[in-house]
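Participant: In our numbering, the protein residues as written are 1183 to 1369.
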Amino acid sequence: ANPVRVSVNAAHWLLSALFLGGRADAALEIMTSRRPESWLSMMETWGATQTMEAWSPIAKTNTTFSHPWGSGPIDAIARYLLGVRVLEPGAARIEVNPQPADLAKVQGSVATVRGLVNVDIEQSPRYRTSVTLPGNCSGTLKWPLSGHHPKDFDIATPMSNAAAALVERDRLIIPLDPGTTAVTLRH
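#1: Taking the straight line between their C-alpha atoms, what separation do you get for P1316 and A1258?
#2: Quick test of the definition: if touching needs 3 or more C-beta pairs under 8 angstroms, does the segment 1290–1301 touch the segment 1261–1277?
#3: I need the straight-line Cα distance from I1256 to L1210, nearest angstrom please.
#4: Output the distance between the C-alpha atoms of F1247 and Q1281, rounded to the nearest integer angstrom.
#5: Among the candidates V1188, I1356, D1352, A1338, whose CA atom is the shortest distance from the CA of A1346?
#6: Leaving out five residues before and five after H1249 in sequence, what residues of the same chain have Cβ atoms less than 7 angstroms from its Cβ?
#7: Using only the alpha-carbon positions, how far apart do R1216 and F1201 sit?
#8: Give every residue of the same chain whose Cβ lies closer than 6 angstroms to the Cβ of T1366, excluding the five residues on either side of it in the sequence, and list them in chain order.
#9: DSSP three-state call for A1183: helix, strand or coil?
#10: Our contact map puts R1351 next to S1320 with C-beta atoms below 8 angstroms; I'd like the distance itself, whole angstroms only.
#11: Would you mind listing the beta strand (DSSP E) stretches within the segment 1282–1312 that are 3+ residues and don't spill past its ends, in chain order?
#12: Would DSSP call A1260 helix, strand or coil?
#13: Work out the CA separation of N1244 and K1324 for me, nearest whole Å.
#14: By the 10 Å Cβ neighbour count, where 16 or more other Cβ atoms means buried, how is T1214 classified, buried or exposed?
#15: Does DSSP put L1196 in a helix, in a strand, or in coil?
#16: Bridge partners for W1325 per DSSP, in chain order?
#17: Buried or exposed for G1339, please, with buried defined as at least 16 other CB atoms from any protein chain shown within 10 angstroms of its CB.
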């Protein structure tokens, strides 16, 4: 069955709803699908180099190939998959609350007015993440415990504040300072 029963424009809200509802797996399935109603189909079937106005010329015979409104995965990757969110004006504080579902690896950079926030996640073969903040902001990392005990993680921070880490529900909450913070599950 095809889970995408919305237009390419409305798919942005569908992806957001899935991530917000704890269904990162379903959002990733849609973003990586090769079904006719997919971004990969736009490229592979229709030769699109930009997002299209509709899923295909079959869905809308006079469709055009230059509609940024159909680029929902870009926002979903930054805000939900990598989990980067600005908390204060001017990006003075950042939250990184990634939802990588079952991806083995993902990395990306999100631009803010203060500089790039870099997120690097690996879930297989190791379980680890690193977050790099620009030199003029601070933040919080909310890293999924995924059934592990908080004491099973090594935390390396640029300001030596690893002891300030807390647990909230199923997440390890780690203060972020400028520079790179790394969290690694000990084997």
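All C-beta atoms, glycine included, are put in the ideal place defined by N, C-alpha and C. Quick caveat, the model's predicted, so the values are computed rather than measured.
Facilitator: With the structure as the only source:
#1: 22 angstroms
#2: Touching, yes, given that three or more Cβ pairs across the two stretches are closer than 8 angstroms.
#3: 12 angstroms
#4: 30 angstroms
#5: I1356
#6: T1233, M1234, E1235
#7: 20 angstroms
#8: R1310, D1336
#9: Residue confidence is low: A1183 scores 47 on pLDDT, short of 50, so the model does not pin down where it sits. No coordinate-derived value is stated.
#10: About 22 angstroms separates the two Cβ atoms, so there is no contact after all.
#11: Scanning the segment 1282–1312 from its first residue to its last, the whole beta strand (DSSP E) runs of 3-plus residues come out as 1287–1294, 1297–1304.
#12: Helix, per DSSP.
#13: 45 angstroms
#14: exposed
#15: helix
#16: Looking at the DSSP assignment, W1325 forms a beta bridge with L1354.
#17: It should be noted that the sequence gives Thr, not Gly, for residue 1339. Counting Cβ neighbours within 10 Å, T1339 comes out buried, since at least 16 surround it.
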